[in-house]
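The next block holds one structure in the form of structure tokens; read it before the comments.
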Amino acid sequence: MSFANAVREQLGSECVGLVPCAVGDPAIKEWARGQNLYENMVNRAKESLKSKGESKALLWYQGKSDTLLQHDAGAYKGNMERLIHNVREDLGLPSLPVIRFALFIFTLMYQFFSFLTVCSCR
Numbered sequence: 003m004s005f006a007n008a009v010r011e012q013l014g015s016e017c018v019g020l021v022p023c024a025v026g027d028p029a030i031k032e033w034a035r036g037q038n039l040y041e042n043m044v045n046r047a048k049e050s051l052k053s054k055g056e057s058k059a060l061l062w063y064q065g066k067s068d069t070l071l072q073h074d075a076g077a078y079k080g081n082m083e084r085l086i087h088n089v090r091e092d093l094g095l096p097s098l099p100v101i102r103f104a105l106f107i108f109t110l111m112y113q114f115f116s117f118l119t120v121c122s123c124r
């Protein structure tokens with residue numbers, strides 16, 4: 003709630019709604035179109051728009067599990083680009099901003115370098 007309140011204060015808006023869809027620590031491939039996580043996310047977003055809401059951005063906090071194997075880290079950019087394209091298409095919002103962030107630090111060097119690979123694929 004503190005995030006929504008901070009956004010509301012910055013925008014000078016009376017109302018900011020969030021549509022949470024977070025679950026555990028899935029890999030990005032589990033958020034692909036046709037997968038349950040993706041379909042639930044899109045359906046929840048569409049449902050929120052029925053009450054005269056307006057989607058302003060997608061906040062994306064995911065990626066840790068994609069740092070464990072070099073192959074997954076290397077595939078992250080393409081998977082993320084596909085996800086963004088699909089979400090924009092399915093919501094009918096071709097220029098929907100996507101804000102991707104991470105709040106974790108790895109201590110193992112392999113995971114650290116894989117994480118850098120994921121983050122450099124913006």
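Numbered according to the working numbering, the sequence shown spans residues 3 to 124.
Idealized CB from N, CA, C, for every residue including glycine.
This one's a predicted model, so the numbers in the text were calculated from it and none came from an experiment.
**Item:** Terminal residues of the alpha helix (DSSP H) in which Arg-90 lies
**Value:** 72-93
**Prompt:** For Arg-102, does the three-state DSSP call read helix, strand or coil?
**Reply:** strand
**Message:** At the level of alpha carbons, what is the spacing between Val-44 and Arg-84?
**Reply:** 14 angstroms
**Item:** Minimum C-alpha distance to Gly-19 - residue among Asp-27, Ser-53, Glu-41 and Glu-32
**Value:** Ser-53
**Request:** Can you give me the Cβ contacts of Pro-96 inside the same chain, cut-off strictly under 8 angstroms, excluding the 5 residues immediately before and after it?
**Result:** Arg-90
**Request:** Confirm, please, whether the CB-CB distance from Leu-39 to Glu-49 is below 8 angstroms.
**Result:** no
**Prompt:** Which residue's Cα is closest to the Cα of Leu-70: Ala-29, Gln-12, Cys-17 and Ser-15?
**Reply:** Ala-29
**Sequence-distant residues of the same chain with beta carbon closer than 6 angstroms to Arg-35, five excluded per side** = Asn-88
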